[in-house]
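S.K.: In full-length UniProt numbering, the protein residues as written are 1 to 361.
C-beta: ideal position from N, C-alpha, C; glycine also.
Bear in mind the structure is a predicted one, so any value in this text is a computation, not a measurement.
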Amino acid sequence: MSRAFNFSAGPATLPEPVLLQVQRELLEWQGERASVMEVSHRGKAFIACAAKAEADLRELMGVPDDYAVLFLQGGATTVSALLAMNLARAGQTAEYLLTGHWGEKALENAKASVRTHVVASDADNAYRRIPDAAAWTRAADSAYFHYTSNETIHGVEFSSLPDVTDVPLVADFSSNFLARPVDVRRFGMIYAGAQKNIGPAGITVAVIRKDLLGRHGRELPPIFDWQNQVKNDSMFNTPPTFPWYVTGLVLQWMRDEGGVEVFARRNAEKAALLYSTIDGSGGFYRNPVDPAARSTMNVPFTLHDEALDKTFLAETEAAGLMGLKGHRALGGMRASIYNAMPLAGVQALADFMRDFAVRHG
Ligand code: PMP
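In structure tokens:
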């Protein structure tokens with residue numbers, strides 16, 4: 001058996017050079033005579049590893065000095081709950097723009113800590129487009145404006161930033177983090193679970209404008225107050241050292257490959273190939289999303305006859321194309337084509353899809 005092209009939505013495919021490096025250094029890491037999993041996070045070697053991951057992230061993303069970079073536990077879900085406590089005073093309003101499942105979840109997670117206001121939602125349209133800014137209803141005096149940069153299940157992605165400059169913009173970039181350049185200065189906070197674009201599950205990155213922290217006026221358990229994480233370089237308690245280390249290797253790999261612009265070009269090419277295969281199939285395959293909001297990372301699609309789903313999945317697996325089963329909420333298929341998915345993988349999928357449509361059309 002050899003490794004397949006893995007289209008899983010997350011945890012997702014990792015770059016092979018990174019996995020090989022992990023394998024090479026697993027037993028003895030950095031002359032420590034133990035693996036990275038077995039040494040103190042307070043030791044010199046791990047502190048250096050953590051600092052390098054942060055420095056590489058800052059360089060790749062262009063993070064200004066007045067922004068903190070945190071490496072947190074609990075996944076994007078926990079961060080979506082904690083951000084409400086950290087960025088808003090009790091009773092203050094926060095705005096949410098809903099373009100899919102994960103925006104809804106972030107809203108639910110914030111409700112215990114803030115008054116929430118839905119600016120606009122495409123739920124009635126089954127989340128197939130980004131609501132027109134002309135139809136948004138804004139709240140007065142809100143603490144922040146939250147949106148999901150890429151909806152992993154619905155395959156809806158913002159191709160440009162929402163035009164919000166009056167309050168801090170907060171964005172969940174879990175499934176398109178470092179997929180293309182972003183102007184960090186436009187944001188109050190950006191967060192992302194690592195397990196799609198930059199590493200394994202178990203660590204979540206948050207980039208936060210420092211002056212936004214410490215305004216909440218709440219009595220928070222110290223572990224939930226991000227000021228303590230900033231002061232302690234994300235080591236207020238034992239951090240997830242292994243995912244942090246692997247994430248650092250992925251960031252180094254991204255630098256070696258030429259940085260975020262290179263990935264943006266590759267991602268555009270991969271997405272164009274897949275969407276043109278779907279759109280050119282004469283209705284055999286369909287993607288329901290407004291072309292202007294189609295995701296370059298997660299491509300959901302259905303087959304013209306649901307009865308073919310099982311055959312499609314069995315045949316793709318046999319052809320070395322795995323993880324294509326769609327989310328249970330939408331059914332059908334979903335191809336996740338994150339940074340670590342090579343063009344050759346998408347080419348193999350597109351070729352397979354054309355052939356399958358001929359055989360079963
Ligand atoms: N936001 C988005 C956009 C996601 O795709 C996911 C996970 N699929 C989450 C949040 C939740 O992340 P986690 O499982 O790390 O809490």
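1. Once you ignore the five residues that flank Gly100 on each side, which residues in its own chain have a CB closer than 7 Å to its CB?
2. Do you know how far the Cα of Arg328 is from the Cα of Ala84?
3. Once DSSP output is grouped into helix, strand and coil, what is the label at Asp211?
4. Could you name the residues of the same chain whose beta carbon sits closer than 7 Å to that of Lys52, not counting the 5 residues immediately before and after it, in chain order?
5. Alpha carbon to alpha carbon, how far is Gln227 from Gly199? Give it in angstroms, no decimals.
6. Could you check if Asp172 belongs to the surroundings of the ligand PMP, using beta carbon to heavy atom distance under 8 Å?
7. How is Gly193 classed by DSSP in three states: helix, strand or coil?
8. Contact check, Phe145 vs Glu95 under 8 Å by CB: the rounded distance?
9. When the Cα atoms are used, what is the spatial distance from Val184 to Ser121?
10. Starting from Lys325, follow its DSSP beta bridges and name the residues at the other end.
11. Hey, out of Phe187, Arg180 and Ser159, whose CA is closest to Ala171's CA?
12. CB Gln23 to CB Ala45, shorter than 9 Å?
13. Ala55 by DSSP, collapsed to three states: which one?
14. Roughly how far, in whole angstroms, is the beta-carbon of Leu57 from the beta-carbon of Val69, given that I think they are within contact range, below 8 Å?
15. Cβ of Thr204 versus every heavy atom of the ligand PMP: is any distance shorter than 8 Å?
16. Say whether the stretch 304-314 touches the stretch 215-233, bearing in mind that this needs 3 or more beta-carbon pairs closer than 8 Å, one atom from each stretch.
17. Please name the residue, chosen from Ile190, Ser2 and Pro239, that lies closest to Arg42 on a Cα-to-Cα basis.
18. Answer with buried or exposed for Asn237, where buried requires no fewer than 16 other C-beta atoms within 10 angstroms of its C-beta.
19. Under three-state DSSP, which class holds Pro17?
20. Under 8 Å: do the stretch 193-213 and the stretch 62-78 share three or more Cβ pairs, one atom per stretch?
M.R.: Looking at the coordinates:
1. Tyr127, Thr148, Glu151, Ile153, His154 and Val156
2. 29 Å
3. helix
4. Gly248
5. 25 Å
6. yes
7. strand
8. 4 Å
9. 25 Å
10. Met333
11. Phe187
12. no
13. helix
14. 6 Å
15. yes
16. no
17. Pro239
18. exposed
19. helix
20. yes
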